[in-house]
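Working notes for the structure below.
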Amino acid sequence: MAGKQKSKRKLEDLSVDEFLLSGFDSAGEADSEDDTPTRHGQKSKKKAGQSAAQDKGDDKKKGKASQHKDSLSRLKSKDPEFYKFLQQNDQTLLNFDDTDSSEDEEERKYHTLPKQLEEASSDDEEEQGESTKKSKKTAEVIKVTEKMVDEWQAAIKDEPTPRLFREVTQAFKAAVATTKGEGGDPCRYKVADSSVFNALVLFCIRDVYVALQRMLNLKPDKDQKKPVLPSCSPKWQKNQVDIRMYLSGIVQLLSCLTEATVISAVLRHANQLVPYYLCNPKQCRHLLKQLIKQWSTGEETSRVLAFLALNKICRHKQDTYLNPIFKQMYISYVQNCKFTSPTVLPMINFMQRTLTEMYSLDTQASYQHGFIYIRQLAIHLRNAMTMKKKETYQSVYNWQFVHCLYLWCRVLSTLHPSDVLQPLIYPLCQVIVGTIKLVPTSRYYPLRIHCVRALTLLSGSTHTFVPVLPFLLEIIHQVDFNKKPGRMSVKPIKFDVILKLSNTNLQEKAYRDGLIEQIYDLILEYFHSQACSIGFPELALPTIIQLKAFLKECKVANYCKQIRQLLEKVQENSSHITARRQRAAFGVADASAVAKWEKQTAEEGTPLTRYYSQWKKLREKEIQLEISGKERMEDLDLPEIKRRKIQEKKAVDKKEFKDLFESDSDSDDDGGLKVKDKKGGSDDDDDDDADLLQELSDLSDDEGVGEEHDGVSDDDDDDDNGGDDGDDEEGAKASKAPKQLSSVALKELAEGDEDLVEDLELSDQD
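The opening residue of the sequence shown carries number 1 in full-length UniProt numbering; numbering runs sequentially from there.
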């Protein structure tokens, strides 16, 4: 006990450092010499182990220090200039001491976190509560009102400042955050009302761009085609954070909108801000993603505005954004042409034209993309030809494949002449011809028609001969146009929006009618593309022979009429070219003279080109009517429409001649008594009307005029009742009597006004 008390006193007298370096155990008691021998032995062993470990650590530390000193001494001998430099600039590195490492080791060993934290007292809790209240007051959210928006609008028009722009940007961020839902970043402002949201967004779209230009002192240079980037302004760095926040808000707003008019307004604003997006690559990439989405899926106006912004970005930053935009636009095009209908077809054509415009910016990059994607189409076709399974056929015979073929035909034909893209014409033609020959059955004639139209476009625009006519003339020989149709169809078959025909379609009359029209159109279009060629007579000769053979076999007058008209136009153009060719004074081998002759022929025109120009106008009007469906029901001669027009006319007449009708009741369609309003007639007319009504009421035998039957005879009720009893027979006679007017009553009616009675069922009996 005495030893323990002595150790406790020593513990009180020790300092903090001495306590940390002492050998006390976890109970806080020191190892005294008065303990039992066993315990003393254990304690001594523990001390011995601790001292040995401490000695080893000290040796390691001293070894490291000595090694460091040795390396410094070697450095002094090898590179004295560097050692001198260290002496002048970094003395701490040379004056390395063992105490530094020992102190670090002691700090790392003992300066650890406690296992349990102290609990705060009630006073501390009150202080923390007061501090949180103060922080809440400082971070209190400001609610945006319409008055604040009006004040910002007036102030930013007067003099835009960076502080004012920061407030507007933060409020705009809060407004956009409402479209995200919960979980967004905390904002200084809060927009809770829809009217405030609309006012704030409208204010930003109208005035922020002009305010930014004034704040950064940017003036557009009309002489330069490139826009003035805002990064050249000395005030750009100061406002860059706020501008970046505003640009991100515009992209977020664009991704959440659904109304077409609002999307168009935001896209116009984004088009103005393109120079600012070009200075912020991250925001520009996000904007490109939304622009491509609107270009491929939006409304018509949104598509156009999105394309203008995409084109503007590509023209000014081709090296950075051109290839990614090409790839993303092509992928979006393929994804959105999976299904084709009369309403979707104009949008697909728009994407084809605009994508062709984008490819015209850089033909080198266009060749790389075109080579890759045409090769992918060829791989799909090769797999379908080798495997010969339904799945592989479907990978080729679908709308995406067909629209991709037509896209590249349009690109190559529009960008012609181009030495870079010229090598792609042959593989593309081979892929299209292979697609036609993959499944050459009558069910896939619509797909063949699409492929032939693409080849015609490519051949005519690039001046490349492609044998297209055999694919059309083959249809004439395979289909029996003299066969009577199995069923009559009400609607015509729209070959523009289908790829495959069903078995029922093959039996309909509309199938043969539409097929003849398509053959007529395609042969005429192909011959029009070759109408000015010096070899037109030789090109048209096989077609003339086969069309004449068809006219001999076909017995349907309508089909023969169309084919005969086509044959006459082709023969007329052939004779015209032959006559001009006979007057030529050069040989066939003179390519330059042939090209000059064809150019002169095209300028003067041929019979086929003149006919085609007139036919094309009419055909385009017909196609637009078929696609848009603008025919109104009123233009059709249907009974329902007629009856509605008659009722509308009666209503107009009733308003115009209201004195002839009763004010409270409408006239019946099946006829009845129409009595003048008594207010509009004289006293004599009133007496005549009263006498007439009295006589008719006497004849009707308690069954008044103007009730359920309106004076019209109805014999079906008596037939249904049977009439077995005498009373029923007398009642039937009495009921039938007033419905047949006698000659006396007719005379009295004739003497009265003619407008009083009409559409009565009269009898010939007296």
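In this text, a Cβ means the ideal position worked out from N, Cα and C, and glycines have one as well.
Exercise for the section: Tell me E508's beta-bridge partners as DSSP assigns them. Expected result: Locating residue 508 in the sequence shown gives position 508, counting from the first residue. E508 pairs with R487.
Problem - Contact check, residue 769 vs V144, beta carbons under 7 Å - result: A question about residue 769 goes unanswered here, because the residues of the chain that appear run from 1 up to 766.
Problem - CA nearest to the CA of residue 825, picked from S592, S533 and K621 - result: Outside the displayed range of the chain (1 to 766) lies residue 825, so it cannot be described from this structure.
Exercise for the section: Can you grab the Cα-Cα spacing for the pair L113 / V241, in whole Å? Expected result: Here residue 113 corresponds to residue number 113 of the sequence shown, with the count starting at 1. Here residue 241 corresponds to residue number 241 of the sequence shown, with the count starting at 1. Confidence at L113 is low in this model, with a pLDDT of 49, below 50, so its placement is unreliable and no value can be given for it.
Practice task
Flag this pair as touching only if the segment 530-545 and the segment 476-495 have three or more C-beta atom pairs under 8 Å; answer yes or no.
Solution key: no
Problem - Own chain residues within Cβ distance below 6 Å of G434, not counting five before or after - result: The sequence position of residue 434 within the sequence shown is 434, counting from 1. Excluding positions up to five away in sequence, the list reads L381.
Problem - Backbone CA spacing between D150 and T354 [nearest angstrom] - result: Translated into positions along the sequence shown, residue 150 becomes position 150. Translated into positions along the sequence shown, residue 354 becomes position 354. If I take the Cα positions, the gap works out to 40 Å.
Problem - Length of the line joining the Cα atoms of V411 and E259 - result: Counted from its first residue, the sequence shown places residue 411 at position 411. Counted from its first residue, the sequence shown places residue 259 at position 259. Going by the C-alpha atoms only, they are around 33 Å apart.
Practice task
In angstroms with no decimal places, state the Cα-to-Cα distance between Y520 and F465.
Solution key: Taking the first residue of the sequence shown as position 1, residue 520 is located at position 520. Taking the first residue of the sequence shown as position 1, residue 465 is located at position 465. Those two C-alpha atoms are separated by around 20 Å.
Handout entry: C-alpha gap between V431 and P230, whole angstroms
Key = In the sequence shown, the residue the question calls residue 431 occupies position 431. In the sequence shown, the residue the question calls residue 230 occupies position 230. So the two alpha carbons sit approximately 48 Å from each other.
Handout entry: Nearest candidate by alpha-carbon position, reference R453, set P607, T392 and C409
Key = As a first step, residue 453 is located in the sequence shown; it is residue number 453 there, counting from the start. It is C409 whose Cα lies nearest to the Cα of R453.
Problem - Beta-carbon gap between T456 and I425 smaller than 7 Å - result: One-based indexing of the sequence shown puts residue 456 at position 456. One-based indexing of the sequence shown puts residue 425 at position 425. For T456 and I425, no; Cβs fall outside 7 Å.
Problem - Presumed contact (8 Å Cβ cut-off) between residue 846 and L322, rounded CB distance - result: The displayed coordinates of the chain run from 1 to 766. Any statement about residue 846 would go beyond what the structure contains.
Handout entry: Under 7 Å between C-beta atoms of Y189 and A174
Key = What you label residue 189 is simply residue 189 of the sequence shown in a count that begins at 1. What you label residue 174 is simply residue 174 of the sequence shown in a count that begins at 1. In this structure, A174 lies closer than 7 Å to Y189 by Cβ.
Exercise for the section: Within the same chain, show all residues whose beta-carbon is closer than 6 Å to that of S296, passing over the 5 residues directly before and after it, in chain order. Expected result: If you number the sequence shown from 1, residue 296 lands on position 296. These residues qualify, in order along the chain: S332 and N336.
Problem - Selection from R303, Y359, Q352 and L305 that minimises the alpha carbon distance to P324 - result: Here residue 324 corresponds to residue number 324 of the sequence shown, with the count starting at 1. Ranking the options by Cα distance to P324, first place goes to Y359.
Practice task
Buried or exposed for A270, please, with buried defined as at least 16 other CB atoms from any protein chain shown within 10 angstroms of its CB.
Solution key: To locate residue 270, count along the sequence shown from 1; it is residue 270. A270 should be labelled buried.
Handout entry: Sufficient close CB pairs (3 or more, under 8 Å) joining the segment 499-517 to the segment 582-591
Key = no
Handout entry: Beta carbon of G460 nearer than 7 Å to that of S529
Key = The residue you call residue 460 lines up with position 460 of the sequence shown. The residue you call residue 529 lines up with position 529 of the sequence shown. Closer than 7 Å, so yes.
Problem - F85, buried or exposed, once every other Cβ within 10 Å from all chains shown has been counted against 16 - result: For the purposes of this step, residue 85 is identified with residue 85 of the sequence shown, where counting begins at 1. So F85 ends up on the exposed side.
Practice task
Have a look at S574 and V588 and give me their C-alpha separation to the nearest angstrom.
Solution key: As a working mapping, residue 574 is identified with position 574 in the sequence shown. As a working mapping, residue 588 is identified with position 588 in the sequence shown. Roughly 18 Å between the two C-alpha positions.
Exercise for the section: Please classify D670: does DSSP put it in a helix, a strand, or coil? Expected result: Counting from one through the sequence shown, the residue named residue 670 turns up at place 670. In this prediction, D670 has a pLDDT of 40, which is less than 50 and means its spatial position is unreliable; nothing more can be read from the coordinates.
Exercise for the section: With a threshold of 16 other CB atoms inside 10 Å of the CB of S264, please say whether the residue is buried or exposed. Expected result: Locating residue 264 in the sequence shown gives position 264, where the first residue counts as 1. Classification for S264: buried.
Exercise for the section: In the DSSP assignment, find the alpha helix (DSSP H) that holds D79 and state where it starts and stops. Expected result: Numbered from its first residue, the sequence shown carries residue 79 at position 79. Note, D79: premise wrong, no alpha helix (DSSP H); not H, not E.
Exercise for the section: May I ask you to report which of helix, strand or coil DSSP gives Y393? Expected result: Here residue 393 is taken as the residue at index 393 of the sequence shown, counted from 1. Helix, per DSSP.
Exercise for the section: Tell me, please, whether the CB atom of N311 is closer than 7 Å to any CB atom in chain C? Expected result: Absent here is chain C; the protein component of the structure consists of one chain.
Problem - CB contact flag (Q252, K338, <7 Å) - result: Within the sequence shown, residue 252 is the residue found at index 252, counting from 1. Within the sequence shown, residue 338 is the residue found at index 338, counting from 1. Not in contact: Q252 and K338 (Cβ atoms no closer than 7 Å).
Practice task
Along the alpha helix (DSSP H) that carries Q368, what are the first and last residues, could you check?
Solution key: Mapped onto the sequence shown, residue 368 falls at position 368. Looking at the DSSP string, the run of the alpha helix (DSSP H) that includes Q368 is T363 to M387.
Problem - Per DSSP, the bridge partner or partners of Y520 - result: Here the question's residue 520 lines up with position 520 in the sequence shown. DSSP, once it has assigned bridges, lists no residue as partnering Y520.
Problem - Through-space distance from A531 to I523, alpha-carbon basis - result: Here residue 523 is taken as the residue at index 523 of the sequence shown, counted from 1. Here residue 531 is taken as the residue at index 531 of the sequence shown, counted from 1. Answer to the nearest angstrom: the Cα atoms are 12 Å apart.
Handout entry: Contact under 7 Å by Cβ, C204 with F165
Key = By 1-based counting over the sequence shown, the position of residue 204 is 204. By 1-based counting over the sequence shown, the position of residue 165 is 165. Contact: no.
Practice task
Quick one: using the 10 Å Cβ neighbour count with 16 as the cut-off for buried, is D513 buried or exposed?
Solution key: On the sequence shown, position 513 is the one that residue 513 refers to. It is buried - the Cβ of D513 has at least 16 other Cβ atoms within 10 Å.
Exercise for the section: Find the nearest neighbour of H416 within the set P440, Y393 and T363, judged by alpha-carbon distance. Expected result: Position 416 of the sequence shown, counted from the first residue, corresponds to residue 416. The option with the nearest alpha carbon to H416 is T363.
Handout entry: Own chain partners of Q562 with C-beta closer than 8 Å, once the 5 adjacent residues on each side are dropped
Key = In the sequence shown, residue 562 corresponds to position 562, counting from 1. Cβ neighbours of Q562 beyond the five flanking positions: I516, E517 and Y520.
Practice task
Note the first and the last residue of the continuous alpha helix (DSSP H) segment covering L547.
Solution key: Here the question's residue 547 lines up with position 547 in the sequence shown. Here the alpha helix (DSSP H) through L547 covers F536 to E553.
Handout entry: Local conformation of L405 per DSSP, three classes
Key = Position 405 of the sequence shown, counted from the first residue, corresponds to residue 405. Helix at L405.
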